[in-house]
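A.B. asks: Quick one: the structure is below, questions incoming.
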Amino acid sequence: MQKYIQKVETLLEALPYIRQFYGKTIVIKYGGHAMVEERLKQSFAKDIILMKYVGLNPVIVHGGGPQIGELLKKLGKESRFVKGIRVTDEETMDVVEMVLVGKVNKEIVALINHYGGKAVGLSGKDGGLIKAKKMKTKGEDMGMVGEVKSVNPKVIETLDRDKFIPVIAPVGVGDDGKTYNINADTVAGKIAAALKAEKLILLTDVQGVLDKNKKLISALSVAEAKRLIKNETATGGMIPKLECCLDALKGGVSKAHIIDGRVEHAVLLEV
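Counting the sequence shown from 1 gives a position; my numbering is that position plus 29.
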């Protein structure tokens with residue numbers, strides 16, 4: 030009997046959090062080891078389903094960098110990055126879309142549905158969800174790398190209202206009809222802002238944001254985050270993560286988190 034009482038007490042402890050976030054939207058950028066290790070994949074899917082069952086509206090934006098890199102390697106094509114963003118020529122763009130939309134997205138949707146959720150896979154092309162434009166950079170042509178021009182939140186809001194879980198691949202379409210590869214962190218931030226989400230959560234393969242001594246920083250102000258980018262304490266893929274958090278906060282998102290996706294149930298622990 031005691032173990033059943035403990036289970037009830039655990040559920041009751043969660044009640045204030047459920048009440049606080051009931052009906053609120055939480056955008057989660059899903060990537061890294063959490064997408065690769067079977068144990069983490071399963072726990073992530075179950076966490077998302079639980080969030081939906083208790084009245085939250087999780088929206089997933091996923092990456093797929095390792096999977097893209099793996100296929101490019103098999104095709105004998107080298108991957109090149111500038112400030113954590115993949116340089117994407119037209120041939121690479123075909124691979125990116127094939128992997129993100131045709132493979133990774135459908136695997137995530139299938140896993141969530143397998144455990145009892147109702148997930149729907151989308152790319153930025155569906156329903157005019159993400160309008161993109163070519164990224165402008167100084168002295169470096171990034172190819173078919175895009176920036177988010179606009180987000181149509183109605184597509185996601187309709188799915189949320191009908192109890193579906195949107196799973197979004199970070200591919201957008203330009204006014205010229207061309208397909209653009211957009212950094213998944215950036216897409217997550219823009220979607221969170223468009224939805225006025227309560228939280229933006231980015232899963233990563235490190236503890237979180239680290240200082241110059243490689244120690245975890247538990248909380249950052251906007252000014253402190255900007256300083257980490259400016260003084261190059263933040264490097265590589267952490268730069269677009271911090272930038273997308275700043276952009277999301279500016280756009281009306283209440284809180285942004287960069288967390289260790291290698292920890293089981295990391296999303297629920299953050300919420």
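From the three backbone atoms N, C-alpha and C, an ideal C-beta is built for every residue, glycine too.
(1) To the nearest angstrom, how far is the alpha carbon of residue 274 from that of residue 287?
(2) Compare the beta carbon distance of residue 85 and residue 57 with 8 Å and say whether it is the shorter of the two.
(3) Tell me which same chain residues have a C-beta within less than 7 Å of the C-beta of residue 278, skipping the five on either side of it?
(4) Buried or exposed: residue 51, going by 16 or more other Cβ atoms within 10 Å of its Cβ?
(5) Touch check for the segment 189 to 205 and the segment 130 to 138: three-plus C-beta pairs under 8 Å?
(6) DSSP on residue 126, reduced to helix/strand/coil?
(7) Would residue 233 be called buried (16 or more neighbouring beta carbons within 10 Å of its own) or exposed?
(8) Roughly how many whole angstroms lie between the Cα atoms of residue 117 and residue 96?
(9) Less than 8 Å between the beta carbons of residue 257 and residue 238, yes or no?
(10) Should the segment 205 to 216 be called in touch with the segment 141 to 159, which here means at least 3 C-beta pairs below 8 Å?
(11) Can you check whether the CB of residue 178 is closer than 8 Å to the CB of residue 161?
C.D. replies: For this structure:
(1) Near 8 Å, if we compare the C-alpha coordinates of residue 287 and residue 274.
(2) no
(3) So the qualifying residues of the chain are 251 and 285.
(4) Under this definition residue 51 is an exposed residue.
(5) yes
(6) Helix, per DSSP.
(7) buried
(8) So the two alpha carbons sit approximately 15 Å from each other.
(9) yes
(10) Yes, since at least three Cβ pairs between the segment 205 to 216 and the segment 141 to 159 fall closer than 8 Å, the two stretches touch.
(11) yes
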